[in-house]
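Residue numbers (my numbering): 983 to 1150. Glycine included, each C-beta is placed from N, C-alpha and C at the ideal position. Here is the structure we will look at.
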């Protein structure tokens, strides 16, 4: 499959990220069934990261109004900063981008971003009974959030797909 960048074909890019979000959400649930909690947390995070990128792509004008300027890609192309952020959706910018998109998608986008970032943290640090290295001290907390995030990603991207169809 050819890589599709948002600055070349935003519609196709959004379609691909929606598909990616659905696949990652399903993998998160499958890993959870296998008892692979940290892997499940990572996949749930990736599912939301793809969903957030798709949402940002659909609201590119809103993202571009906040993130101005240009950057040079690894390939040497000069592109708008907003497009670069939509393409890569860097973990360190997810919260800021979600807050920018809150006006378009409502509170859900920040809630799910916070949950995804918490799961990303537990993916790397694991459980921590003392609550110092992770917000999760019990495996059932991770399981609950992975399930909730995976299911809400599916619902969220369904709405994105409907928005995309209305743009035809």
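For the beta strand (DSSP E) containing residue 1060, list its first residue and its last residue. Here residue 1060 refers to the residue found at position 78 of the chain shown. Here the beta strand (DSSP E) through residue 1060 covers 1060-1062.
Could you pull the start and end residues of the alpha helix (DSSP H) that residue 961 belongs to? Beyond the ends of the chain as shown, which are 983 and 1150, falls residue 961; an answer cannot be given.
Using a threshold of 9 angstroms, state whether the C-beta atoms of residue 1036 and residue 1142 are closer than that. If you number the chain shown from 1, residue 1036 lands on position 54. If you number the chain shown from 1, residue 1142 lands on position 160. A contact, by the Cβ cut-off of 9 angstroms.
Excluding the five sequence neighbours on either side, which residues of its own chain have a C-beta within less than 7 angstroms of the C-beta of residue 1041, listed in chain order? Numbered from 1 along the chain shown, position 59 holds the residue referred to as residue 1041. Cβ neighbours of residue 1041 beyond the five flanking positions: 1083 and 1086.
Could you pull the start and end residues of the beta strand (DSSP E) that residue 1052 belongs to? As a first step, residue 1052 is located in the chain shown; it is residue number 70 there, counting from the start. Here the beta strand (DSSP E) through residue 1052 covers 1052-1054.
If you compare alpha carbons, which of 1080, 1117, 1120 and 999 is closest to residue 1044? By 1-based counting over the chain shown, the position of residue 1044 is 62. Ranking 1080, 1117, 1120 and 999 by Cα distance to residue 1044 puts 1080 first.
Quick check on residue 1131: buried or exposed, where buried means 16 or more other Cβ atoms within 10 Å of its Cβ? Mapped onto the chain shown, residue 1131 falls at position 149. Burial call: buried.
Distance, residue 1052 Cα to residue 1027 Cα: Along the chain shown, one-based indexing puts residue 1027 at 45. Along the chain shown, one-based indexing puts residue 1052 at 70. If you take the alpha carbons of residue 1027 and residue 1052, they lie about 28 angstroms apart.
Between which residues of its own chain and residue 1099 is the CB-CB distance below 8 angstroms, once the five residues before and five after are set aside? If you number the chain shown from 1, residue 1099 lands on position 117. Correct list, in chain order: 1027, 1073, 1076 and 1077.
Quick check: is any heavy atom of the ligand COA less than 8 angstroms from the C-beta of residue 1018? With respect to the ligand COA, the structure shown offers nothing to examine, as it has no ligands at all.
Threshold first: 4 residues or longer. Then list the alpha helix (DSSP H) segments lying entirely within the stretch 1052-1124, N to C. 1063-1070, 1076-1087 and 1090-1107
Segment contact flag, the stretch 1088-1099 with the stretch 1012-1020, C-beta cutoff 8 angstroms, min 3 pairs: no
Consult DSSP for residue 991 and reduce its assignment to one of helix, strand or coil. Working through the chain shown from its first residue, we reach residue 991 at position 9. Coil, per DSSP.
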